[in-house]
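**Student:** Following this message is one structure expressed as structure tokens.
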Amino acid sequence: MSDFSTASVIFRLCLATICGGLIGIDRGRKRRPAGFRTYMLVCIGASLTMLISQYTREVLGIATDVTRLGAQVINGIGFLGAGTIIVTRRQQVKGLTTAAGLWASACMGIAIGAGYYVAAVSACLLIMLVLIVLSKLEVRIMASARTMTVSVGYDTNDDIVQIIDTLKAKKVHIVDLEIVKMASGESTPSAVLSLRLPKRFKHTELLESLAGIDGVNQVEEI
233 MSDFSTASVI
243 FRLCLATICG
253 GLIGIDRGRK
263 RRPAGFRTYM
273 LVCIGASLTM
283 LISQYTREVL
293 GIATDVTRLG
303 AQVINGIGFL
313 GAGTIIVTRR
323 QQVKGLTTAA
333 GLWASACMGI
343 AIGAGYYVAA
353 VSACLLIMLV
363 LIVLSKLEVR
373 IMASARTMTV
383 SVGYDTNDDI
393 VQIIDTLKAK
403 KVHIVDLEIV
413 KMASGESTPS
423 AVLSLRLPKR
433 FKHTELLESL
443 AGIDGVNQVE
453 EI
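In our numbering, the protein residues as written are 233 to 454.
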């Protein structure tokens with residue numbers, strides 16, 4: 233782990249490139265804010281930081297804390313991750329998984345730079361498992377949940393009454409209803425509804441019912 237030969241340094245940086253790229257491929261394919269190249273750069277940079285820390289202490293003989301630069305990377309990556317998180321006008325938070333992925337990618341790069349290959353490769357495989365395989369499981373769980381949040385766009389205020397009546401007719405309990413303030417340039421209002429569904433009531437069925445109401449121009453589960 234303390235070998236600073238040219239081959240060792242190149243191997244660590246190449247491994248960081250591969251591991252970061254493997255995670256970034258999935259995020260880029262899903263059109264996320266941080267994609268293929270971003271994840272590679274984060275992982276390479278974190279790995280290089282750890283290499284520099286070790287080089288300074290073991291080769292140059294300067295007494296420094298080798299974990300200090302790595303700790304700064306973990307803190308600094310928070311600013312990059314924060315840039316991927318957005319809150320839409322419908323109060324939907326997006327980008328949390330991307331931010332967490334960037335943070336995990338940086339930690340993985342630090343492990344590679346330190347020469348802890350087993351932990352780094354294991355983490356890479358687990359991160360890919362979470363992002364690719366478990367995301368499909370999450371979709372299935374959410375689709376069968378008895379609670380859901382829906383954003384509905386409508387033409388006039390009278391249409392919101394029809395929406396409420398439709399929900400009551402289907403025995404859907406309205407937990408919360410928020411009228412979203414129209415942004416500049418928008419001509420139609422919208423509302424965000426938190427709902428509790430009857431047992432075995434499909435989310436798609438409710439969305440289709442709301443979309444079929446006259447005056448409703450947009451329906452989206454958030």
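Glycine residues also receive a C-beta, built at the ideal position from the N, C-alpha and C atoms.
Report the partner residues of residue 408 according to the DSSP bridge assignment.
**Tutor:** Indexing the sequence shown from 1 puts residue 408 at position 176. In the DSSP output, where bridge partners are listed per residue, residue 408 has 426.
**Student:** Alpha carbon to alpha carbon, how far is residue 307 from residue 314?
**Tutor:** Indexing the sequence shown from 1 puts residue 307 at position 75. Indexing the sequence shown from 1 puts residue 314 at position 82. Taking the straight line joining both Cα atoms gives about 11 angstroms.
**Student:** Across the region 278-288 and the region 338-357, are there enough close Cβ pairs to call them in contact, namely three or more that are closer than 8 angstroms?
**Tutor:** yes
**Student:** Count the other CB atoms within 10 Å of the CB of residue 374; is the residue buried (16 or more) or exposed (fewer)?
**Tutor:** Translated into positions along the sequence shown, residue 374 becomes position 142. It is exposed - the Cβ of residue 374 has fewer than 16 other Cβ atoms within 10 Å.
**Student:** Please check the pair residue 393 and residue 410, which I expect to be a contact at CB under 8 angstroms, by giving their CB distance rounded to whole angstroms.
**Tutor:** On the sequence shown, residue 393 is found 161 positions in, with the first residue counted as 1. On the sequence shown, residue 410 is found 178 positions in, with the first residue counted as 1. The C-beta distance from residue 393 to residue 410 rounds to 16 angstroms, too long to fall under 8 angstroms, and the pair is not in contact.
**Student:** In the DSSP assignment, what residue or residues form a beta bridge with residue 384?
**Tutor:** Walking along the sequence shown from the start, residue 384 turns up at place 152. 423 and 451.
**Student:** Exposed or buried, which one is residue 380 when buried takes at least 16 other CB atoms within 10 Å?
**Tutor:** Within the sequence shown, the letter at position 148 stands for residue 380. By the neighbour-count criterion, in which 16 or more other beta carbons inside 10 Å mark a residue as buried, residue 380 falls on the buried side.
**Student:** Could you tell me the alpha carbon to alpha carbon distance between residue 364 and residue 370, rounded to whole angstroms?
**Tutor:** Here residue 364 refers to the residue found at position 132 of the sequence shown. Here residue 370 refers to the residue found at position 138 of the sequence shown. If I take the Cα positions, the gap works out to 10 angstroms.
**Student:** Does DSSP put residue 276 in a helix, a strand or coil?
**Tutor:** For this step, residue 276 is matched to residue 44 along the sequence shown. If DSSP states are grouped into helix, strand and coil, residue 276 belongs with the helices.
**Student:** Does the region 400-414 come within contact of the region 443-452, defined as at least 3 CB pairs closer than 8 angstroms?
**Tutor:** Segments in contact, no.
**Student:** Taking residue 338 as the reference, give the member of 286, 255 and 413 with the closest Cα.
**Tutor:** Counting from one through the sequence shown, the residue named residue 338 turns up at place 106. Looking at the Cα atoms, 255 is the closest of the given residues.
**Student:** Can you tell me whether residue 333 is buried or exposed? The criterion is at least 16 other CB atoms within 10 Å of its CB, across all chains shown.
**Tutor:** Taking the first residue of the sequence shown as position 1, residue 333 is located at position 101. Per the 10 Å Cβ criterion, buried.
**Student:** Go through its chain and collect everything with a Cβ distance to residue 301's Cβ below 8 angstroms, but skip five positions before and after it.
**Tutor:** For the purposes of this step, residue 301 is taken as the residue at position 69 of the sequence shown. Once the five neighbours on either side are set aside, the close Cβ partners of residue 301 are 281, 282, 284 and 285.
**Student:** Taking one C-beta from the region 238-247 and one from the region 257-274 each time, how about it: are there three or more such pairs within less than 8 angstroms?
**Tutor:** Per the Cβ contact rule, the region 238-247 is not in contact with the region 257-274 (fewer than 3 Cβ pairs under 8 angstroms).
**Student:** For a minimum of 4 consecutive residues, which ranges assigned as the alpha helix (DSSP H) are wholly contained in the region 236-312?
**Tutor:** Segments of the alpha helix (DSSP H) lying fully in the region 236-312: 238-261 and 268-290.
**Student:** Please list the segments of the beta strand (DSSP E) lying wholly inside the region 325-389, counting only runs of 3 or more residues, in order along the chain.
**Tutor:** 379-386
**Student:** So, residue 198 versus residue 386, is the Cβ gap smaller than 8 angstroms?
**Tutor:** Only positions 233 to 454 of the chain appear in this structure, which leaves residue 198 out of reach.
**Student:** Do residue 330 and residue 264 have their CB atoms nearer than 8 angstroms?
**Tutor:** Working through the sequence shown from its first residue, we reach residue 330 at position 98. Working through the sequence shown from its first residue, we reach residue 264 at position 32. Yes, they are a contact pair.
**Student:** Go to residue 436, then tell me how far its alpha helix (DSSP H) extends in each direction, as first and last residue.
**Tutor:** Residue 436 sits at position 204 when you count from the first residue of the sequence shown. It spans 435-443 - the alpha helix (DSSP H) in which residue 436 sits, taken as one unbroken run.
**Student:** Return the residue from the list 239, 420 and 408 that minimises the CA-CA distance to residue 382.
**Tutor:** Residue 382 sits at position 150 when you count from the first residue of the sequence shown. Selection 239, 420 and 408 evaluated against residue 382 yields 408 as nearest (Cα-Cα).
**Student:** Cα-Cα, which of 427, 359 and 311 is closest to residue 377?
**Tutor:** In the sequence shown, the residue the question calls residue 377 occupies position 145. Cα-wise, what sits closest to residue 377 is 427.
**Student:** So, with DSSP's three-state summary, where would you put residue 392?
**Tutor:** For the purposes of this step, residue 392 is identified with residue 160 of the sequence shown, where counting begins at 1. Three-state DSSP puts residue 392 in a helix.
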